[in-house]
Amino acid sequence: MANETDSTLALYADFDLKALDEDIDEAKRNAKSSAVVKLEPGKTVLRMLPARASASHAPRPWRTVWKHFISVPGLERKVIFNCPSLNSNGKQPCPACTMQRRKEQSANQIEREIAKDLAPQREVVANVLQRAAPELGVKPWPFKTTIHKALQALRDDINFVDPIRGIDLIITKTGKDLETKYNVGTDPKGPSPVCADNAQLAELLKAMPDLDRYADSPTAAEIESMLAGERPAREQRRGAAGERRGGGSGRTAADRVYDGKVADDED
Ligand SMILES: [Zn+2]
3 MANETDSTLA
13 LYADFDLKAL
23 DEDIDEAKRN
33 AKSSAVVKLE
43 PGKTVLRMLP
53 ARASASHAPR
63 PWRTVWKHFI
73 SVPGLERKVI
83 FNCPSLNSNG
93 KQPCPACTMQ
103 RRKEQSANQI
113 EREIAKDLAP
123 QREVVANVLQ
133 RAAPELGVKP
143 WPFKTTIHKA
153 LQALRDDINF
163 VDPIRGIDLI
173 ITKTGKDLET
183 KYNVGTDPKG
193 PSPVCADNAQ
203 LAELLKAMPD
213 LDRYADSPTA
223 AEIESMLAGE
233 RPAREQRRGA
243 AGERRGGGSG
253 RTAADRVYDG
263 KVADDED
């Protein structure tokens, strides 16, 4: 009998708490290296922060960013970048938008399908604190229209970004890839301050990333080189600007685009 038990035991490994700790550590390491908040499957508790006091337009806690996600033959991942035309009110030329308009008018059905893929997509970004990892500080969280609409509806009920009387958001992510779904809820315990200590809160609000920077776009020339499959010399730039990483100064828009998206996926 003892032998039988031994042989059964050899067939499975114990799922102990150490493994769970390792999972959490790994998630935290990933979160730390990422310039933006990326949701893991399951529940994430976030506290969205309000607009900076200096905001000139009607203050809102988020900013809209238009992005291209373009498949390039020979490249494994899509080339992702902010649209220089839409993010700067059309003042900057965008090779992707130009190409899209041209293909849209094509008599060829396939060309018109490609045009759809070239169209810029809307993304919204807001500053959030991740409750599970407050030590990571306030980071931009990019999200899509469905979450944006849910948050707009929630604002009717409560000013959730109020640092004192607001409420934590509970975002539940389920499914994968195109089937990914998000549910937006609020803390069942009710409203709570961002943090109990006022001095700490002031520090936190002062250190909020400038969301306008998230809309920084590459130049037409940079886009051309990305679409030609020539990776921007990002490794070299990173080496040169490595010590300034996070601060952002001295780095090009393309660096920031890559930091936010493609680079993170590769890490
Ligand atoms: Zn564009």
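For the sequence shown, this note's numbering gives the first residue as 3, with consecutive numbering after it. Glycine included, C-beta positions come from ideal geometry on N, C-alpha and C.
Would you report the Cα separation of residue i and residue j, rounded to the nearest angstrom?
i      : j      : result
Asp199 : Ala60  : 28 Å
Asn110 : Pro142 : 40 Å
Glu237 : Arg65  : Because Glu237 sits at a pLDDT of 38, beneath the cut-off of 50, its placement in the model cannot be relied upon, and the following sentence gives the value as read from the coordinates. If I take the Cα positions, the gap works out to 29 Å.
Val149 : Leu11  : In the sequence on display, residue 149 carries Ile and not Val. Ile149 and Leu11: Cα-Cα distance of roughly 46 Å.
Gln132 : Val196 : 11 Å
Ala21  : Tyr14  : 14 Å
His70  : Ser219 : 11 Å
Met228 : Thr100 : 15 Å
Ala53  : Pro63  : 4 Å
Ile26  : Leu206 : 24 Å
Ala223 : Arg124 : 23 Å
Ile116 : Val38  : 29 Å
Trp68  : Gln94  : 13 Å
Val74  : Pro97  : 14 Å
Ser9   : Gly177 : 37 Å
Arg253 : Gly139 : In this prediction, Arg253 has a pLDDT of 44, which is less than 50 and means its spatial position is unreliable; what the coordinates show is noted afterwards. In a straight line, the C-alpha of Arg253 is about 22 Å away from that of Gly139.
Asp16  : Glu28  : 19 Å
Thr147 : Asn91  : 20 Å
Pro1   : Ile160 : Residue coverage of the chain in this structure runs from 3 to 269, which leaves residue 1 outside it and unanswerable.
Glu24  : Asp18  : 10 Å
Arg167 : Pro190 : 14 Å
Gly78  : Ala201 : First, the amino acid is wrong: residue 78 is Glu here, not Gly. Taking the straight line joining both Cα atoms gives about 47 Å.
Gly76  : Lys175 : 31 Å
Arg114 : Pro122 : 15 Å
Arg103 : Ala217 : 22 Å
Just list the residues that DSSP pairs residue i with in beta bridges.
i      : result
Lys80  : Lys80 pairs with nothing; no bridge assigned.
Ala128 : Trp64 and Trp143
Gln123 : Lys69
Tyr216 : Answer is none; Tyr216 lacks a bridge partner.
Asn185 : Thr174
Val196 : Its beta-bridge partners do not exist; DSSP assigns none.
Val47  : Ile172
Relative to the C-alpha of residue i, which candidate in the options has its C-alpha closest?
i      : options                           : result
Thr188 : Val163, Glu42 and Asn91           : Val163
Pro165 : Ser90, Leu203 and Lys178          : Leu203
Leu41  : Pro144, Ala222, Ile72 and Ala117  : Pro144
Ala55  : Glu232, Glu226 and Asp212         : Asp212
Asp214 : Arg103, Glu24, Pro86 and Arg167   : Pro86
Leu120 : Leu77, Phe83 and Asp18            : Phe83
Ala134 : Leu19, Tyr216, Gly44 and Asp18    : Gly44
Glu232 : Asp159, Ser36, Asp18 and Val81    : Val81
Leu88  : Thr221, Ala230 and Glu226         : Thr221
Glu137 : Ala209, Leu180, Arg114 and Glu113 : Ala209
Ile72  : Lys118, Ser36 and Ile112          : Lys118
Is residue i near ligand 1 - that is, is its Cβ less than 8 Å away from at least one heavy atom of it?
i      : result
Ala155 : no
Pro220 : no
Ala98  : yes
Leu229 : no
Leu88  : yes
His70  : yes
Cys197 : no
Ser61  : Going by the sequence as given, residue 61 is Pro instead of Ser. Not so, every heavy atom of ligand 1 lies at least 8 Å from the Cβ.
Pro142 : no
Pro165 : no
Pro122 : yes
Taking 9 Å as the threshold (beta carbon to beta carbon), is residue i in contact with chain D?
i     : result
Arg49 : Of the protein chains in the structure, only one exists, and it is not chain D.
Open item on the list: Three or more C-beta pairs under 8 Å: does that hold for the stretch 146-153 against the stretch 115-135?
Closed with: yes
Open item on the list: Whether or not the stretch 98-107 and the stretch 179-196 are in contact is what I'm after, with contact meaning three or more pairs of Cβ atoms, one per stretch, closer than 8 Å; do they touch?
Closed with: No, the stretch 179-196 is not in contact with the stretch 98-107.
Open item on the list: For the stretch 166-183 against the stretch 36-54, do three or more pairs of beta-carbon atoms, one drawn from each stretch, fall closer than 8 Å, so that the two count as touching?
Closed with: yes
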